[in-house]
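Enquirer: If you're matching them up, the sequences are chains B and U in order. Using this note's numbering, the letters of the first sequence map in sequence onto residues 1 to 397. Using this note's numbering, the letters of the second sequence map in sequence onto residues 1001 to 1247. Even for Gly, the Cβ is constructed at its ideal location relative to N, Cα and C. Computed from a prediction, not measured in an experiment: that's the story for all the values here. Quick one: this structure, given as structure tokens, is what I'll be asking you about.
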Amino acid sequence: MSWRDIFTVYRKELKDMLRDRRALLSMIIIPTFVMPLLTFGVGKVALRVTAKVREEIPTVVILGGEDSPGVVAELKQSPRLRVGVAPDDWKQQIADKKIRAAVRLPAGFEAGLRTGLAPPVVFYHYEGELRSQRGLQELEDFFRALRERTVVARLGDHGLPATLAQPFEFHGENVAPPEKVGGNLAGGFIPYVILLLCFTGAMYPALDLTAGEKERGTMETLLCSPVARGDIVLGKFLMVLTGSLAAMILSATSMGLSLAIGRALAPGLVSTLPRFSPVGILGVIGLTLPVAVLFSAVLFTVALFAKSFKEAQSYVSPLMIIVVLPAVIGMLPGIDLNARLALVPVLNISLACREMLSGVWHWPWLALIFGSTCAYAAIALALAVRMFKREDVLFRT
Amino acid sequence: MIEARSLTKVFRDRKRGEIRAVDGVSLRVEPGRIYGLLGANGAGKTTALRLLATLLRPSGGSATVAGYDIAAAPERVRAHVGFLASSTALYGRLTAREMIAYFGRLHGLADATIAARTARLAGELDMDEFLDRRCEKFSTGMKQKTSIARTLIHDPAVMIFDEPTLGLDVMSARAIVRFVRDCRDRGKTVIYSTHAMGEVEKLCDTVGIIHGGRLLAEGTPGALRERTGTLDLEDAFVKIAGGGAVP
């Protein structure tokens, strides 16, 4: 092995990639801007939509209630509800999002309030639709308040204090630091994005430096040189790894900078975003390093089989699912790291990163994950070197 | 010098089974001589030359190129060979100077040597005008000149040409032929594959006719014509390739 030759190949590939617009897009531009876009773009849109829903006075309709004029009048006077006339197709109109919710006041409801035998009130809503949920919530709040007022009034009738129904108050207080809360809430999302960018950062160089070179005829030119095949692989592999690491480091840096700048410029927006411990972020980067090697080697090996860039794309695209799936599973609540999962590539990183971002450091498992991922990466790299020495792979026609 | 002894290359194909692309080829090329490997498409010329350039490993037989065994010391062989084929392309995003320098470095040359040799080659090949332009925008002639400079930067003792004029216009093809002749005049060992009879007549000291992976006949163009009783090399080739070996 000659480091001089490896470095010569690497230096040329780096120069070549830096002159390629598509490579710059996948390795630098997308990783740099995807995090601020996700943080501020999507965050801002989500906040705006939520605020709009909160500001809207939901339109609801009353079904029945002819013998409960007091409750109906109270509902109509509520400043937090817009009460309309119930059309015949009120169910369809809820489904069509024209009416947010409906309430059925059963016969004898108001009279039942006085006797203590009021029949149940039924709410109708569109499950999972944000505005309908808001209408439902307002209706629930209204009838909860009515129930409490009724209880207090009845207690008063019997000369009893209102505190009899509510003998004490309670409230919750968060004692976990904001970093731990942030890690728990969105700790699965950050490694997911970083892993994805790590993969896409390596993808273009891997394809271009293998199948792309075969297609353009430069691979044969390169093979005419006296440099050992293994050294050529390592030089090219280092370039693929550079793409992966560049994407990872740029995305992490741009995320940090976005939050820092955001705190200064738009404190309202950033205060709604979860906070992460900087040590946790460094831990994520450290643990993702061997994954970048693994991704780079696997992509290099798979793309090497293809005769053309297009063919390589069709081989590599399914790999994206293999990366995304474990990363998504890692985001699911209730799945915790254990010794067996610590050996599952990608999923182990996703789970460990979530814990690190929450401030939990299971050192033996972290060591197991780092070690196993390094071993997988070494196997993948050895396979890449082996493939590059095969004539039927290099000169596939 | 190039010396091949019963050189054989077998490919295994799932559909077609075993294919003997090169079948027991023996040949010898002395320094300062041009050996023309003449054959139709699929005759085994490219595979034979790729074996000699160590791009492929032989299935049988042996060969030495510039004194090194192609199986035992492929890197040393490549260090002494310049390989030019229609399939060896240039890096489009590099300039001609960068392309030449890259291959100089891959051959272990110092930067000062590369700079001096690049200047000399650029002068000889009339490349100064486009030396610092990217290869992706080159005309065919410019590409050929850059490829030639790439093959010569390490001053190889052996030159292997695999159909270097394929798809070129007359002027570019003539420049290549002139360059091959220069190589011989400089004492290099040259092996040249083509199916253009005119080029063979103009260039080659010895001609080997290859068909179905086997070397059917060998000799000077005149000797081959004489042996087949034909007036031109094309007729001789058709007679040999179509009718089997000539005694």
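Give me the residue from L75/B, V71/B, T59/B, Q77/B with the minimum Cα distance to C87/B.
Expert: It is Pro, not Cys, that sits at residue 87/B in the sequence shown. The shortest Cα separation from P87/B among L75/B, V71/B, T59/B, Q77/B belongs to T59/B.
Enquirer: Of all the options E110/B, F143/B, K44/B, L105/B, which has the alpha carbon lying nearest to the alpha carbon of R80/B?
Expert: F143/B
Enquirer: Strictly below 8 Å CB to CB, what residues from chain B border H1107/U?
Expert: S225, P226
Enquirer: For R19/B, decide whether its Cβ has a neighbour in chain U, counting only Cβ atoms nearer than 8 Å.
Expert: Interface residue, yes.
Enquirer: Quick check on A101/B: does DSSP put it in helix, strand or coil?
Expert: strand
Enquirer: Assuming S1087/U and R1005/U are in contact, meaning their beta carbons sit under 8 Å apart, how far apart are those beta carbons, in whole angstroms?
Expert: A Cβ-Cβ distance of about 26 Å is found for the pair S1087/U and R1005/U, leaving them out of contact under the 8 Å criterion.
Enquirer: So which of R229/B, S277/B, L234/B has the shortest CA-CA distance to A252/B?
Expert: S277/B
Enquirer: Excluding the 5 residues flanking L381/B on each side, which residues of the same chain have their C-beta closer than 6 Å to its C-beta?
Expert: A297
Enquirer: Can you give me, in chain order, the residues of the segment 1158-1191 of chain U that have a beta carbon less than 7 Å from any beta carbon in chain B?
Expert: none
Enquirer: Would you decide whether S258/B is buried or exposed? Buried here means 16 or more other CB atoms lie within 10 Å of its CB.
Expert: buried
Enquirer: Mind listing which residues of the segment 1022-1040 of chain U have their C-beta closer than 8 Å to chain B's C-betas, in chain order?
Expert: none
Enquirer: L75/B and I62/B - do their beta-carbons sit closer together than 8 Å?
Expert: yes
Enquirer: Helix, strand or coil: how does DSSP classify A1021/U here?
Expert: The three-state reading of DSSP puts A1021/U in strand, counting E and B together.
Enquirer: Report, in whole angstroms, the separation of the C-beta atoms of L1038/U and V1022/U, which I expect to be a contact under 8 Å.
Expert: 15 Å between Cβ atoms; not a contact.
Enquirer: If the cut-off is 7 Å on Cβ atoms, which residues from the segment 1132-1160 of chain U count as contacting chain B, listed in chain order?
Expert: Across the segment 1132-1160 of chain U, no CB contact with chain B closer than 7 Å is found for any residue.
Enquirer: According to the neighbour-count rule (16 or more other Cβ atoms, all chains shown, within 10 Å of its Cβ), is I379/B buried or exposed?
Expert: exposed
Enquirer: Spell out whether any CB of chain U is found under 8 Å from the CB atom of D16/B.
Expert: yes
Enquirer: Got a sec: is the Cβ-Cβ distance from G217/B to anything in chain U below 8 Å?
Expert: Look at G217/B: its C-beta is under 8 Å from a C-beta on chain U.
Enquirer: Do you know whose CA, among M239/B, D5/B, F40/B, lies nearest D208/B's CA?
Expert: M239/B
Enquirer: Taking the alpha carbon of G230/B as the reference point, which residue from K389/B, V49/B, M17/B has its own alpha carbon closest?
Expert: Minimum Cα distance to G230/B is reached at K389/B.
Enquirer: Would V1158/U and H1080/U be called neighbours here (beta carbons separated by less than 8 Å)?
Expert: yes
Enquirer: At 7 Å on the CB atoms, spell out the chain B contacts of Y1091/U, in chain order.
Expert: D16, T218
Enquirer: Taking buried to mean at least 16 other C-beta atoms within 10 Å of its own C-beta, is K307/B buried or exposed?
Expert: exposed
Enquirer: Do you know whose CA, among E1218/U, R1227/U, G1212/U, C1204/U, lies nearest R1033/U's CA?
Expert: C1204/U
Enquirer: So, is F170/B buried or exposed, given that buried needs 16 or more other C-beta atoms within 10 angstroms?
Expert: exposed
Enquirer: Going residue by residue through the segment 289-360 of chain B, where are the continuous alpha helix (DSSP H) segments of at least 4 residues, counting only ones entirely within it?
Expert: 309-331, 347-357
Enquirer: Classify A1245/U: buried if its beta carbon has 16 or more other beta carbons within 10 angstroms, exposed otherwise.
Expert: Residue placement at A1245/U is poorly supported in this model, since its pLDDT is 47, which falls under 50; the coordinates are not used for a value here.
Enquirer: Measure how close the beta-carbons of P1156/U and A1085/U come, nearest whole angstrom, since I'm counting them as under 8 Å.
Expert: In fact, because the Cβ distance is near 15 Å, the residues do not count as touching under 8 Å.
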